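What follows is a single structure, written as structure tokens, with notes after it.
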Amino acid sequence: MKNRIINLVISALAVPIIILIIFSCHSKPAADRSITQTPRSSQNSSLTFVAVGDNLFHDSLIRSALMADGTYDFIPIYTEVKSIVQGADLAFINQETIMGGTRFGYTGYPAFNTPQSLAPALADTGFEIINLANNHAMDKGRDALYATLDYLDTFEQFVVIGARKEGESARIVTRNNMTLGFLAYTFSLNGIPLPRENPNLVSMIDRNKMTQEMNALRPLCDFLIVSIHWGGEYLLEPDRDQVSLANFIAQHNVDLIVGHHPHVLQRVDTIARPDGKTTLCYYSLGNFASHQRQRERIIGGMMVVTFTKTRSGELAISDYGMIPVITHYDRSFRNTKVIPLYSYTEELLANHGLRTQDPGLNMNFFYGVLNRINAKVIMHNPFTR
Ligand SMILES: [Zn+2]
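Add 139 to the 1-based position in the sequence shown for the numbering used here, that's all there is to it.
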């Protein structure tokens, strides 16, 4: 279990933001650190970061997790990717659906509410950064989102971004001698208005607000990461608005853009920044767990990024790539699993539920998708020795 101390610090900036600082020794016991750790300035540091896209629970996906005793078990969905998520120093997921509890009913498309037992499954898998700034955050209204936030807050492991009952949603995570700042925004709430008494409940794309928040957070962290829910659904290339917004974000010296919402993979770009470095932009990570039923929507990506800080304080993204994953479900829409492409087989594909309506789907299709996304494709678990 990862150890951490949580402190609340109220910044004294022009735009006050409440920042959650998490100190973690992550992989080494605290006792070891105090004895063996050399002074921080004398060593290079690195931090591996994994991010995944849309975790989207349709009715059939909820049903497939129903157990004989009436409870829901979502853990098996993630067993094939758990060693990757846990192998990274920090892992992010776009949790596209809320977990408001039974009183809001369990529903899939179009207004989602997923059983709360999904949260312990995400924790068990190893996710820590949970993004809620997406177009389904208000699907069941204010109280359901409040209930979701209250429930997620009971997990010490989680750092929820993009939605807050009060205060601002900027977060800083300190780990491996590095500070990572997180901001998150969404383009839409599917037409559902934010409550008048809490207009900042979900962080919306607003260039003025984003400028203030990026400028406030930039000097407080080594690496600034912006999660953004944007783009047109099922578009294989980023649209003009995404490209424009990515360039706008890069103008604020952001290190990494984590894009999601189109439900399909889009390309990876680097964009020049005013400070001479580059912004790394993953326009869309595609789906993670879902029951969408088109071939482009069952291949997603796990971003893998390595942040490094040299002993002299130089900061860089020293490596980045993507592990392609297949969202597998069988012909009865059960046995859903997110499976890395490097573990996926012809035999599994022959039993994929999508083959019923798309008999021509083959492994070459997946490899073709990877040719258009401009990413270094990782076909092994980078965290196993
Ligand atoms: Zn979305």
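Ideal Cβ placement from N, Cα and C applies to all residues, glycine included.
A quick note: this is a predicted structure, and the numbers were derived from the prediction, not measured.
query: Bridge partners of Tyr525, per DSSP?
result: Outside the displayed range of the chain (140 to 524) lies residue 525, so it cannot be described from this structure.
message: Could you compute how far the alpha carbon of Leu284 sits from the alpha carbon of Tyr217?
response: 24 Å
Simplified DSSP state of Leu186, which is helix, strand or coil: strand
query: What residue range is occupied by the uninterrupted beta strand (DSSP E) comprising Pro401?
result: From DSSP, Pro401 is part of no beta strand (DSSP E); its letter is neither H nor E.
Ser423 to Tyr459 span [Cα, whole Å]: 15 Å
message: Using a Cβ-based criterion (distance less than 7 Å to any ligand heavy atom), does Asp282 qualify as near ligand 1?
response: no
- prompt: Is Thr466 closer than 8 Å to Ser429 when the C-beta atoms are compared?
  reply: yes
field: CB of His138 within 8 Å of CB of Asn273, strictly
entry: With the chain represented from 140 up to 524, any question about residue 138 goes unanswered, as that position is not in the structure.
message: Buried or exposed for Lys448, going by 16 or more other Cβ atoms inside 10 Å?
response: buried
Alpha helix (DSSP H) runs wholly inside the segment 181 to 249, at least 4 long, in chain order: 198 to 203, 221 to 226
- request: Would you list the one or two residues that DSSP bridges to Ala455?
  value: Thr447
field: Spatial neighbours of Ala250 in its chain, beta-carbon cut-off 7 Å, leaving aside the 5 residues before and after
entry: Asp278, Lys279
- prompt: According to DSSP, which residues form a beta bridge with Leu319?
  reply: Val312, Phe362
message: Under DSSP, the beta strand (DSSP E) around Pro254 begins and ends at which residues?
response: Pro254 -> no beta strand (DSSP E), and no H or E assigned at all.
message: Quick check for students: name the residue ranges of the alpha helix (DSSP H) that lie wholly in the segment 458 to 523, counting only runs of 4 or more.
response: 485 to 489, 502 to 510
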